[in-house]
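Undergrad:
Residue numbers (the numbering used here): 23 to 495.
(1) Would you mind stating whether residue 401 and residue 374 have Cβ atoms separated by less than 8 Å?
(2) Going by DSSP in three states, residue 332 sits in which element: helix, strand or coil?
(3) Is there contact between the segment 467-475 and the segment 338-346, where contact requires at least three CB pairs shorter than 8 Å?
(4) From what residue to what residue does the alpha helix (DSSP H) around residue 360 run?
(5) Apart from the five residues on each side of it in sequence, which residues of its chain come closer than 7 Å, Cβ to Cβ, to residue 275?
(6) Got a sec? Which residues, its chain only, sit under 6 Å from residue 459 by beta carbon, not counting five neighbours each side?
(7) With a cut-off of 8 Å on the beta carbons, I'd call residue 178 and residue 341 a contact; round off their distance for me.
(8) Using a Cβ-Cβ cut-off of 7 Å (strictly less than) and excluding sequence neighbours within five positions of residue 279, which residues of its own chain qualify?
(9) Please work out which residues of its chain come closer than 7 Å, Cβ to Cβ, to residue 5, disregarding the five sequence neighbours upstream and downstream, and give them in chain order.
(10) Taking residue 150 and residue 188 to be in contact with their CB atoms under 8 Å, please state how far apart those CB atoms are, rounded to whole angstroms.
(11) Rounded to a whole number of angstroms, what is the C-alpha to C-alpha distance between residue 18 and residue 51?
(12) Could you say which of 445, 42 and 141 lies nearest to residue 117 if we only look at CA atoms?
(13) Determine the burial state of residue 363: buried for a count of at least 16 other Cβ atoms within 10 Å of its Cβ, exposed for fewer.
(14) Nearest by alpha-carbon distance to residue 199: which of 127, 369 and 434 is it?
(15) Could you check how far apart the C-beta atoms of residue 271 and residue 245 are, in whole angstroms? I think they sit under 8 Å.
(16) Can you give the beta carbon distance from residue 191 to residue 64, rounded, assuming they're within the 8 Å contact cut?
(17) At the level of alpha carbons, what is the spacing between residue 24 and residue 168?
(18) For the alpha helix (DSSP H) containing residue 216, list its first residue and its last residue.
(19) If you reduce the DSSP assignment to three classes, tell me which class residue 220 lands in.
(20) Taking the Cβ atom as the reference point for each residue, do residue 432 and residue 311 lie within a distance shorter than 8 Å?
(21) DSSP three-state label for residue 256, please.
(22) How long is the line joining the alpha carbons of residue 359 and residue 251, rounded to whole angstroms?
(23) Can you say whether residue 29 is buried or exposed, counting buried as having 16 or more other CB atoms within 10 angstroms of its CB?
(24) Which of helix, strand or coil does DSSP assign to residue 279?
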């Protein structure tokens, strides 16, 4: 059934300009991605202020990421069934309130609970941001530019996390890495409530609760198992039990979806070449790209002696590079097609990862941070736009939300798995030695691993991605 849009509430004052709709959606996406990384530089201050141990600090990051990835598909389907605007408002409202609670937390458990609720709100919000963009802009060059803007803003949010966090911690306190979301979220909520039109599939189906519970529990168990690898190792029961449980739950989810009358994720979507191939490529790309910010920040602070603010400033050129790549990609896509641009961007990123893997303990800013970082993130921007366009093309309108959820889930789960694997590799190389030379060798090995992962992604993209985006039925 075709998507329906309720514009009755806007008829009295006229429909808002498309750019305003895209801007509101992108603002929501920016907040979602920013909060994945913004807390990193605040962790030492959080430990002092709330008495958290090392495991508690790990969960400040993981509580958000696990809830975000685990509930993503549920958020996408809820947007299809109950309305993208409604879910945008619910998700952003929950996210904003949780940010306030986290910023005011007096105990460690209060902060961790707030971060988990933040992740839940982000999971409801994020799929709606992309479907609002794609439903507001018709297919073609204009939509490609809009998706490029969405990609650039999201990537910029992740890139800006270290810088924003460093500024807020140095100027105010760790609490403001969370409290800053409150005024921004309130403004976006007011704008969305006034200007966004409601849109949904309009087919009256109910939410697939069994499927939602299984996939959420499965992804959460996998993410928990992944998060344990750095502390416990890959062969420990604390790692293997949740990983195996997660795999079993995912298999059960697929069995339930195959028989459900109104499945959370119609398995037929995975038979669409554009959807399956682009999400697989997004998974591999995310597994390497998420690690770039993590290891570059550690290298700058632990080896080169930068402060958190200096480390954030050092990565500003990389942040700009991903935005530039995202904005250039649509122009290249018009002539070369999305597959070629995705491959080109990934090759540029491979070159950056390879360069970064030659880092030394006495490296200089230009040769061991700025130039390789710019290459890595320029490639990420070039590749991200065509992959997002391919992943959301060819699917029927009533499945737009779940397809958008798959895009974010693929990237986030890829990033979680990649970071766990590469952190384990780096830790194994250093073997507990905290000297600058040993740390550098571990970080360099992680970047070499990332280059190999992306090289595999290049082959996959060239052989599997369709040359052109498919048209929606």
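Using N, Cα and C, we set each Cβ at its ideal position, and we do this for glycine too.
On a predicted model such as this, the values are computed, not experimentally measured, just so you know.
TA: Checking against the coordinates, here is how it stands:
(1) As a position in the chain shown, residue 401 is number 379, starting the count at 1. As a position in the chain shown, residue 374 is number 352, starting the count at 1. Remark: C-beta atoms of residue 401 and residue 374 approach each other more closely than 8 Å.
(2) Position 310 of the chain shown, counted from the first residue, corresponds to residue 332. For residue 332, the secondary structure class from DSSP, reduced to helix, strand or coil, is helix.
(3) With a cut-off of 8 Å, the segment 338-346 and the segment 467-475 do not count as touching, because too few Cβ pairs lie within range.
(4) The residue you call residue 360 lines up with position 338 of the chain shown. Looking at the DSSP string, the run of the alpha helix (DSSP H) that includes residue 360 is 360-378.
(5) For the purposes of this step, residue 275 is identified with residue 253 of the chain shown, where counting begins at 1. Contacts found: 233, 236, 237 and 240.
(6) Within the chain shown, numbered from 1, the residue matching residue 459 stands at position 437. Sequence-distant Cβ neighbours of residue 459 in its own chain, meaning closer than 6 Å and more than five residues away, are 383.
(7) Within the chain shown, residue 178 is the residue found at index 156, counting from 1. Within the chain shown, residue 341 is the residue found at index 319, counting from 1. About 6 Å; that satisfies the 8 Å criterion.
(8) Within the chain shown, the letter at position 257 stands for residue 279. In its chain, beyond the 5 residues on either side, 233, 285, 286, 287 and 289 have a beta carbon closer than 7 Å to the beta carbon of residue 279.
(9) Only positions 23 to 495 of the chain appear in this structure, which leaves residue 5 out of reach.
(10) For this step, residue 150 is matched to residue 128 along the chain shown. For this step, residue 188 is matched to residue 166 along the chain shown. The pair is not a contact, with the Cβ atoms about 30 Å apart (cut-off 8 Å).
(11) Nothing about residue 18 can be reported from this structure: the residues present for the chain run from 23 to 495 only.
(12) Position 95 of the chain shown, counted from the start, is the residue given in the question as residue 117. The candidate whose alpha carbon is nearest that of residue 117 is 141.
(13) As a first step, residue 363 must be located in the chain shown, where it is residue number 341. Burial is judged here by how many other beta carbons sit within 10 angstroms of a residue's own beta carbon; residue 363 has at least 16 and is buried.
(14) Within the chain shown, numbered from 1, the residue matching residue 199 stands at position 177. Comparing Cα positions, the closest option is 127.
(15) Reading the chain shown from its first residue, position 249 is the one you call residue 271. Reading the chain shown from its first residue, position 223 is the one you call residue 245. At roughly 12 Å, the Cβ-Cβ gap does not stay under 8 Å, so residue 271 and residue 245 are not in contact.
(16) For this step, residue 191 is matched to residue 169 along the chain shown. For this step, residue 64 is matched to residue 42 along the chain shown. About 5 Å separates the two Cβ atoms, so the contact holds.
(17) The sequence position of residue 24 within the chain shown is 2, counting from 1. The sequence position of residue 168 within the chain shown is 146, counting from 1. Residue placement at residue 24 is poorly supported in this model, since its pLDDT is 40, which falls under 50; the coordinates are not used for a value here.
(18) Position 194 of the chain shown, counted from the start, is the residue given in the question as residue 216. Taken as a continuous stretch (DSSP letters only), the alpha helix (DSSP H) holding residue 216 covers 203-217.
(19) Here residue 220 is taken as the residue at index 198 of the chain shown, counted from 1. Residue 220 falls in the strand class under three-state DSSP.
(20) Mapped onto the chain shown, residue 432 falls at position 410. Mapped onto the chain shown, residue 311 falls at position 289. In this structure, residue 311 does not lie closer than 8 Å to residue 432 by Cβ.
(21) As a working note, residue 256 is residue 234 in the chain shown. DSSP places residue 256 in coil when its eight states are reduced to three.
(22) Locating residue 359 in the chain shown gives position 337, counting from the first residue. Locating residue 251 in the chain shown gives position 229, counting from the first residue. Roughly 39 Å between the two C-alpha positions.
(23) In the chain shown, the residue the question calls residue 29 occupies position 7. Residue placement at residue 29 is flagged as unreliable, the pLDDT there being 46, under the threshold of 50; a coordinate-derived value is accordingly withheld.
(24) In the chain shown, counting from the first residue as 1, residue 279 sits at position 257. Reduced to three states, the DSSP call for residue 279 is helix.
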